[in-house]
Amino acid sequence: MALHRPILIAVCLAGLLSGCNSSSTSDTPVYSNNGAAGTGLAAMNAATPPVNDTGVTYCGDGAGGNNLPCKGDEPALQDAKLGRDAAAAVGVLAKAGSGAYGFDFTKLGADGQPLTIQNQAWTTDGSGLDNGTEAAGTIWSCVKDNVSGLTWEVKTHRSPANLQDRSWTYSWFNSANIGGNKGTEAGGACFQAGRCDTEKYVQDINAQGLCGHADWRLPNQQELVGLTLLGSTTPTIDSASFPNTLSLNYWSGSGYAGQADLARYVSFVYGLASYGYRNNNYAVLLVRSAP
Numbered sequence: 019m020a021l022h023r024p025i026l027i028a029v030c031l032a033g034l035l036s037g038c039n040s041s042s043t044s045d046t047p048v049y050s051n052n053g054a055a056g057t058g059l060a061a062m063n064a065a066t067p068p069v070n071d072t073g074v075t076y077c078g079d080g081a082g083g084n085n086l087p088c089k090g091d092e093p094a095l096q097d098a099k100l101g102r103d104a105a106a107a108v109g110v111l112a113k114a115g116s117g118a119y120g121f122d123f124t125k126l127g128a129d130g131q132p133l134t135i136q137n138q139a140w141t142t143d144g145s146g147l148d149n150g151t152e153a154a155g156t157i158w159s160c161v162k163d164n165v166s167g168l169t170w171e172v173k174t175h176r177s178p179a180n181l182q183d184r185s186w187t188y189s190w191f192n193s194a195n196i197g198g199n200k201g202t203e204a205g206g207a208c209f210q211a212g213r214c215d216t217e218k219y220v221q222d223i224n225a226q227g228l229c230g231h232a233d234w235r236l237p238n239q240q241e242l243v244g245l246t247l248l249g250s251t252t253p254t255i256d257s258a259s260f261p262n263t264l265s266l267n268y269w270s271g272s273g274y275a276g277q278a279d280l281a282r283y284v285s286f287v288y289g290l291a292s293y294g295y296r297n298n299n300y301a302v303l304l305v306r307s308a309p
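All residue numbers for the sequence shown refer to this note's numbering, where the first residue is 19 and numbers rise by one.
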């Protein structure tokens with residue numbers, strides 16, 4: 019069964035909106051705000067980094083409910099009819115790489131360069147273990163998000179398990195004492211005993227030089243939310259690009275202002291952004307900002 023975040027289909031406010039169950043005759047799909055100019059809030063928004071669309075491609079109406087095909091006669095301005103996902107649905111979205119709906123990813127090799135072959139699927143053996151090669155384009159080390167500009171770690175599943183195995187978990191820890199609470203050291207279960215917290219995992223990946231770089235970090239919660247594919251079944255992420263990202267909670271580097279022993283995470287079970295105790299053991303997916 020598909021698991022989706024609840025979506026607000028229409029809002030009826032007396033004096034502002036009427037006919038919420040009626041068909042729209044002026045619902046023009048909007049695919050992009052590229053080239054838009056403005057002042058005040060519009061101009062300020064133009065300076066913010068690009069973000070991914072939601073991955074929602076279904077519509078709803080008052081009579082038929084949610085999760086319906088978009089036929090053109092439903093209430094206007096629905097998520098599925100706006101942005102990159104809508105453009106991809108009608109074949110007018112240009113991409114540098116590939117990805118579900120409006121997402122656009124480029125697969126990178128261990129040296130941080132794009133794979134020569136980009137159109138192959140990740141391959142596994144009969145036991146579900148990774149067995150592809152970068153030369154064949156059937157395995158990759160990182161993924162570049164061509165919308166946000168971020169580069170993401172890709173998890174592994176091998177025997178024996180290595181540092182980046184998909185199943186490892188980590189407690190949240192930051193020795194800089196963010197929010198008045200450092201968190202919990204080495205609380206998880208990972209590749210090397212005594213190093214199973216978020217801070218040490220970042221250190222270990224940077225020491226390894228993943229994809230030729232040593233500036234990996236925990237993503238903030240908004241960056242992680244940008245990977246959620248809300249129109250998919252669990253895990254709510256583009257599994258073709260992130261094949262070893264599981265239906266788990268993934269730590270962000272964001273604290274929770276309301277309580278010092280909490281930190282923020284994103285669940286790829288439901289595509290939910292929430293917060294949990296820093297001594298909880300969750301998965302980690304690292305990111306880097308630089309080109």
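Just so you know, even glycine gets a beta-carbon here, dropped at the ideal spot from N, CA and C.
Since the model is a prediction, treat every value here as computed from it, not as a measurement.
With DSSP collapsed to three states, give me the class of Cys214.
To locate residue 214, count along the sequence shown from 1; it is residue 196. It is coil, neither helix nor strand.
Compute the beta-carbon to beta-carbon distance between Ala308 and Leu264, rounded to the nearest angstrom, for a pair I have assumed lies under 8 Å.
Against the sequence shown, residue 308 aligns to sequence position 290. Against the sequence shown, residue 264 aligns to sequence position 246. 27 Å between Cβ atoms; not a contact.
Apart from the five residues just before and just after Arg296, which ones in its own chain have a Cβ nearer than 6 Å to its Cβ?
In the sequence shown, residue 296 corresponds to position 278, counting from 1. Here the set comprises Trp190, Gly201, Thr202, Asp279, Ala281.
Is Asn267 close to chain B, meaning its C-beta is less than 8 Å from at least one C-beta of that chain?
Looking at the structure shown, chain B is missing, and only one protein chain is on hand.
Give the straight-line distance between the Cα atoms of Tyr288 and Asp71, rounded to the nearest whole angstrom.
Position 270 of the sequence shown, counted from the first residue, corresponds to residue 288. Position 53 of the sequence shown, counted from the first residue, corresponds to residue 71. Between Tyr288 and Asp71, the C-alpha separation is close to 16 Å.
Per-residue DSSP class, three states only, for Cys208
Taking the first residue of the sequence shown as 1, we reach residue 208 at position 190. Looking at Cys208 - three-state DSSP - the assignment turns out to be coil, as it is neither helix nor strand.
When the Cα of Gly215 is compared with those of Asn224, Ile223, Gly205, which residue comes out closest?
Translated into positions along the sequence shown, residue 215 becomes position 197. First, the amino acid is wrong: residue 215 is Asp here, not Gly. Comparing Cα positions, the closest option is Gly205.
Backbone CA spacing between Gly127 and Ala194 [nearest angstrom]
For the purposes of this step, residue 127 is taken as the residue at position 109 of the sequence shown. For the purposes of this step, residue 194 is taken as the residue at position 176 of the sequence shown. Near 33 Å, if we compare the C-alpha coordinates of Ala194 and Gly127.
For Asp163, list the residues DSSP reports as bridge partners.
The residue given as residue 163 occupies position 145 in the sequence shown. Phe123.
Name the one or two DSSP bridge partners that Asn4 has.
Look at the range of the chain in this structure, 19 to 309, and you will see that residue 4 is not part of it.
Can you look up Val284 in the DSSP assignment and give me helix, strand or coil?
The count along the sequence shown starts at 1 and reaches residue 284 at position 266. Looking at Val284 - three-state DSSP - the assignment turns out to be strand.
Is Val172 helix, strand or coil by DSSP?
Within the sequence shown, the letter at position 154 stands for residue 172. Note: Val172 maps to coil in three-state DSSP.
Do Asp129 and Gly276 have their CB atoms nearer than 8 Å?
Residue mapping note: residue 129 aligns to position 111 of the sequence shown, counting from 1. Residue mapping note: residue 276 aligns to position 258 of the sequence shown, counting from 1. Against a cut-off of 8 Å, the Cβ pair of Gly276 and Asp129 comes out as no contact.
Candidates Pro237, Gly294, Gln221, Ile255: which alpha carbon is nearest Thr169's?
The residue you call residue 169 lines up with position 151 of the sequence shown. Checked all of Pro237, Gly294, Gln221, Ile255; the closest Cα to Thr169 is Pro237.
Counting along the chain, where does the alpha helix (DSSP H) carrying Leu303 start and finish?
Position 285 of the sequence shown, counted from the first residue, corresponds to residue 303. Premise fails: Leu303 is in no alpha helix (DSSP H) and is neither H nor E.
For Leu147, count the other beta carbons within 10 Å of its own beta carbon; 16 or more makes it buried, fewer makes it exposed. Which is it?
Taking the first residue of the sequence shown as position 1, residue 147 is located at position 129. Exposed, by the Cβ-count rule.
Just verifying my parser: in three-state terms, what is the DSSP assignment at Asp183?
Within the sequence shown, residue 183 is the residue found at index 165, counting from 1. Reduced to three states, the DSSP call for Asp183 is strand.
Please list, in chain order, all residues of the same chain as Val243 whose beta carbon is under 7 Å from its beta carbon, the five residues on each side excluded.
Within the sequence shown, the letter at position 225 stands for residue 243. Here the set comprises Val284, Ala291.
From which residue to which residue does the beta strand (DSSP E) around Asp79 run?
Within the sequence shown, residue 79 is the residue found at index 61, counting from 1. That run of the beta strand (DSSP E) goes 77 to 79.
Residues bridged to Pro132 [DSSP beta-bridge criterion]:
The sequence position of residue 132 within the sequence shown is 114, counting from 1. Answer is Leu126.
Closest by CA to Ala153, which one among Ser145, Ile135, Val165?
In the sequence shown, the residue the question calls residue 153 occupies position 135. Ala153 has its Cα closest to that of Ile135, out of Ser145, Ile135, Val165.
Per DSSP, the bridge partner or partners of Asn267:
Counting from one through the sequence shown, the residue named residue 267 turns up at place 249. Beta-bridge pairing links Asn267 to Ser285.
Could you check what DSSP says for Gly362 in three-state terms: helix, strand or coil?
Past the boundaries of the shown model lies residue 362; the chain is included only from 19 to 309, so the question cannot be answered.
What residue range does the beta strand (DSSP E) around Leu86 cover?
Counting from one through the sequence shown, the residue named residue 86 turns up at place 68. Element bounds for Leu86: 83 to 86.
Considering only DSSP beta bridges, list what Arg235 is partnered with.
Locating residue 235 in the sequence shown gives position 217, where the first residue counts as 1. Its beta-bridge partners are Val305.
For the beta strand (DSSP E) containing Ser292, list its first residue and its last residue.
For the purposes of this step, residue 292 is taken as residue 274 along the sequence shown, with counting starting at 1. Element bounds for Ser292: 290 to 295.
Three-state class that DSSP yields for Asp71 in the structure shown
Sequence index remark: in the sequence shown, residue 71 carries index 53 (1-based). Residue state, collapsed to three classes: coil.
Just mark Gln11 as buried or exposed, buried being the case when its beta carbon has 16 or more other beta carbons within 10 Å.
Here the chain has residues from 19 to 309 only, and residue 11 is not among them.
Buried or exposed (CB count within 10 angstroms, at least 16 for buried), Val110:
Here residue 110 refers to the residue found at position 92 when the sequence shown is read from its first residue. Val110 should be labelled exposed.
Using a Cβ-Cβ cut-off of 6 Å (strictly less than) and excluding sequence neighbours within five positions of Val74, which residues of its own chain qualify?
Position 56 of the sequence shown, counting from 1, holds the residue named residue 74. Taken in chain order, the residues that qualify are Asp97, Ala98, Leu248, Gly249.
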